[in-house]
Structure formats: structure tokens, C-alpha cells
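Q: Handing you a structure now.
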Amino acid sequence: MSEMHPAPNHSTGAAESFGPPSLPDAYACGAINARHAAREAMALAAHRVRMSGGKGSLAARRALALADVAVHEAITRLIEGGER
């Protein structure tokens with residue numbers, strides 16, 4: 015395990031402890047990264063659709079949009095769970 019170390023707060027100059035992120039923070043970070051990747055995939059799919067003249071575009075867009083919604087809902091559940 016790593017130990018906590020004081021770090022200066024840039025706005026106040028006061029020392030704050032830092033260490034590894036909490037598990038919910040790590041999950042939230044992973045979910046945000048997954049959502050970002052899903053959005054990049056949607057942009058790539060849209061580009062490929064434009065380049066291919068629209069063949070097979072609707073199913074690909076729907077699948078990627080559903081993945082983005084699922085990741086967004088996971089982030090929302092993590093945030094709401096942290097506030098309880």
C-alpha cells in the first residue's frame with residue numbers, strides 16, 4: 015500500500031494529502047474514458063459512412079449510440095451512488 019503524503023494546494027498553499035484514487039473515483043475515471051472511446055468510435059463510424067456512401071450506416075450508428083448511452087448511465091449511477 016502507498017502512504018498518504020501532504021501536497022501543497024495551489025490555490026491556498028495549505029497542505030492536502032494525496033494518494034491513490036478511491037475505488038469509486040477509479041471506476042468513474044474508467045467509465046469516462048470508455049464513454050470518450052465510444053464517442054470517438056461513433057465519429058469514426060460516421061466518417062466511414064460518409065466515405066462508403068451510407069451503406070450499413072444505420073445499424074452501426076444505433077449500436078454505437080446504445081453503447082454511449084449505457085456508459086453514460088453507468089457514470090450517472092456511480093455519481094448518484096457516491097452521493098448517498
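Throughout the sequence shown, residue numbering follows this note's numbering, covering 15 to 98 in sequence.
Even glycine gets a Cβ: it sits at the ideal position worked out from N, Cα and C.
Because the structure is a prediction, the values reported are computed rather than measured.
1) Taking only the alpha-carbon atoms, compute the straight-line gap between GLU54 and GLY33 and give it to the nearest angstrom.
2) Mark ALA57 as exposed unless 16 or more other C-beta atoms lie within 10 angstroms of its C-beta, in which case mark it buried.
3) Looking at ALA45: is its Cβ nearer than 8 Å to the Cβ of VAL85?
4) Which class does SER36 belong to by DSSP, given the choice of helix, strand or coil?
A: According to the structure data:
1) In the sequence shown, counting from the first residue as 1, residue 54 sits at position 40. In the sequence shown, counting from the first residue as 1, residue 33 sits at position 19. Between GLU54 and GLY33, the C-alpha separation is close to 31 Å.
2) Locating residue 57 in the sequence shown gives position 43, counting from the first residue. The residue is exposed, with fewer than 16 neighbouring Cβ atoms inside 10 Å.
3) In the sequence shown, the residue the question calls residue 45 occupies position 31. In the sequence shown, the residue the question calls residue 85 occupies position 71. With respect to VAL85, ALA45 sits close: the two C-beta atoms are nearer than 8 Å.
4) Counting from 1 along the sequence shown, the entry for residue 36 is found at position 22. It is coil, neither helix nor strand.
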